[in-house]
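Engineer: So that we are looking at the same thing, I have put the structure below in structure tokens.
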Amino acid sequence: DTTITQEALDIIGRDPELQKRKTTVLFNPRWHKGVIGIVASRLIDNWYRPTVILTESNGFATGSARSVFGFDLYQAVDACSDLLENFGGHKYAAGLTLKLENIPRFQQRFEKIVADTIDAGQLIPVVEIDTEIALSDISSKFYRILKQFEPFGPENMAPVFLTENVVDNGTGKAVGASGEHLKLNLIQEEDPYKVYPAIAFQQGNIHKHISMGQGFDICYSLEENEFMGRVNLQLNIKDIKFD
Numbered sequence: 001d002t003t004i005t006q007e008a009l010d011i012i013g014r015d016p017e018l019q020k021r022k023t024t025v026l027f028n029p030r031w032h033k034g035v036i037g038i039v040a041s042r043l044i045d046n047w048y049r050p051t052v053i054l055t056e057s058n059g060f061a062t063g064s065a066r067s068v069f070g071f072d073l074y075q076a077v078d079a080c081s082d083l084l085e086n087f088g089g090h091k092y093a094a095g096l097t098l099k100l101e102n103i104p105r106f107q108q109r110f111e112k113i114v115a116d117t118i119d120a121g122q123l124i125p126v127v128e129i130d131t132e133i134a135l136s137d138i139s140s141k142f143y144r145i146l147k148q149f150e151p152f153g154p155e156n157m158a159p160v161f162l163t164e165n166v167v168d169n170g171t172g173k174a175v176g177a178s179g180e181h182l183k184l185n186l187i188q189e190e191d192p193y194k195v196y197p198a199i200a201f202q203q204g205n206i207h208k209h210i211s212m213g214q215g216f217d218i219c220y221s222l223e224e225n226e227f228m229g230r231v232n233l234q235l236n237i238k239d240i241k242f243d
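The working numbering applies: residue 1 is where the sequence shown begins, and numbers increase by one.
As structure tokens, this is what we get:
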């Protein structure tokens with residue numbers, strides 16, 4: 001799901017028209033049906049808009065929708081019901097199915113409804129930090145405890161942590177189609193031999209400052225990232241503040 005999230009963010013990063021919209025509606029027939037709900041949630045974490053992620057299943061487009069805090073997503077989807085085969089959900093999340101040929105009309109209708117009804121303040125993300133920890137506090141056991149509080153969503157947000165005075169170990173780089181994201185390997189002075197992988201979507205523009213070895217503070221959530229059959233913990237960085 002991390003790979004699909006990055007693919008989705010790359011699509012937005014390459015399309016100025018998508019960036020102007022009040023919604024995100026993306027379709028890719030290759031995306032796995034089982035993870036599109038997670039992808040929609042992660043996309044909102046990094047591109048704060050009411051979001052619908054669609055894939056193809058049994059000849060139809062099937063999707064998961066997620067909302068930003070305070071906006072009634074279900075009402076917006078319901079207003080598109082004549083374009084849908086079926087749908088269901090609640091204020092902050094919905095599932096839907098539609099004919100493939102109706103995707104463009106749904107994108108246009110959903111965008112117009114949201115643009116006409118959403119408050120500008122609802123499109124401004126606010127990062128609420130739960131607590132401050134050191135990188136050395138992060139472990140597989142710690143993550144297993146966090147997972148006991150799932151499922152996460154607008155009414156039960158994933159914990160966000162603050163860690164101060166971290167540095168990249170020199171291997172961090174800008175990634176993505178246009179270098180718009182940051183892939184980092186973080187350390188702290190207290191334990192410089194322990195490296196913590198991190199991803200910072202839509203923050204590739206600050207890579208120059210990161211690469212200079214300057215210390216910075218981060219707020220982030222924890223997630224699992226699967227690569228080449230291996231699953232590792234990864235920091236999903238929400239914001240970076242330099243000392």
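Where is the CB? At the ideal position from N, CA and C, for every residue including glycine.
To the nearest angstrom, report how far apart Ser136 and Phe149 are at their CA atoms.
Structural biologist: Working through the sequence shown from its first residue, we reach residue 136 at position 136. Working through the sequence shown from its first residue, we reach residue 149 at position 149. Their Cα atoms are separated by approximately 21 Å.
Engineer: Closest to Val160 by C-alpha separation, out of Leu146, Asn169, Lys173, would be which residue?
Structural biologist: In the sequence shown, residue 160 corresponds to position 160, counting from 1. The residue with the shortest Cα to Cα distance from Val160 is Leu146.
Engineer: Strictly by DSSP, which residues pair up with Leu184?
Structural biologist: Counting from one through the sequence shown, the residue named residue 184 turns up at place 184. Paired residue(s): Ala198.
Engineer: The alpha helix (DSSP H) with Tyr74 in it runs from where to where?
Structural biologist: Taking the first residue of the sequence shown as position 1, residue 74 is located at position 74. That run of the alpha helix (DSSP H) goes 73-78.
Engineer: In terms of alpha-carbon separation, which member of Glu111, Ser81, Val127 lies closest to Thr24?
Structural biologist: Looking up residue 24 in the sequence shown gives position 24. When each option's Cα is compared against that of Thr24, the closest is Glu111.
Engineer: Check each candidate in Asn169, Ala93, Leu9, Gly213 and name the one with the smallest Cα separation from Phe242.
Structural biologist: In the sequence shown, the residue the question calls residue 242 occupies position 242. The residue with the shortest Cα to Cα distance from Phe242 is Gly213.
Engineer: Apply the 10 Å Cβ neighbour rule to Val52 and answer buried if 16 or more other Cβ atoms are within range, or exposed otherwise.
Structural biologist: Walking along the sequence shown from the start, residue 52 turns up at place 52. Buried, because 16 or more other Cβ atoms sit within 10 Å of the Cβ of Val52.
Engineer: Between Ile129 and Leu162, how many whole angstroms is the CB-CB distance? I'm expecting something under 8 Å.
Structural biologist: Counting from one through the sequence shown, the residue named residue 129 turns up at place 129. Counting from one through the sequence shown, the residue named residue 162 turns up at place 162. The pair is a contact, with the Cβ atoms about 5 Å apart (cut-off 8 Å).
Engineer: Rounded to whole angstroms, what's the CA-CA distance from Glu223 to Glu17? Just pull it up for me.
Structural biologist: For the purposes of this step, residue 223 is taken as residue 223 along the sequence shown, with counting starting at 1. For the purposes of this step, residue 17 is taken as residue 17 along the sequence shown, with counting starting at 1. Glu223 and Glu17: Cα-Cα distance of roughly 30 Å.
Engineer: Does the beta-carbon distance from Phe87 to Gly95 come in below 8 Å?
Structural biologist: Counted from its first residue, the sequence shown places residue 87 at position 87. Counted from its first residue, the sequence shown places residue 95 at position 95. Cβ distance < 8 Å, so Phe87 and Gly95 count as in contact.
Engineer: So, does the segment 39-46 touch the segment 69-88, judging by three or more C-beta pairs under 8 Å?
Structural biologist: As far as the Cβ criterion goes, the segment 39-46 does not touch the segment 69-88, which means the pair count is below three.
Engineer: Going along the chain, which residues of its own chain have a beta-carbon closer than 8 Å to the beta-carbon of Ala61, five neighbours each way excluded?
Structural biologist: As a first step, residue 61 is located in the sequence shown; it is residue number 61 there, counting from the start. The residues are Phe27, Leu54, Thr55, Thr97, Leu98, Lys99, Leu100, Asn102, Ile103.
Engineer: Can you list, in chain order, the residues of its chain with a C-beta nearer than 6 Å to that of Arg230? Leave out the 5 residues immediately preceding and following it.
Structural biologist: By 1-based counting over the sequence shown, the position of residue 230 is 230. Excluding positions up to five away in sequence, the list is empty.
Engineer: Nearest to Tyr92 by alpha carbon, out of Gly63, Gly153, His209, Ile118?
Structural biologist: Reading the sequence shown from its first residue, position 92 is the one you call residue 92. When only C-alpha atoms are compared, the closest one is Gly153.
Engineer: Between which residues of its own chain and Phe201 is the CB-CB distance below 6 Å, once the five residues before and five after are set aside?
Structural biologist: Residue 201 sits at position 201 when you count from the first residue of the sequence shown. For Phe201, where only same-chain residues beyond five positions count, the Cβ hits under 6 Å are Leu9, Asn46, His181.
Engineer: From what residue to what residue does the beta strand (DSSP E) around Asp168 run?
Structural biologist: In the sequence shown, the residue the question calls residue 168 occupies position 168. Here the beta strand (DSSP E) through Asp168 covers 161-168.
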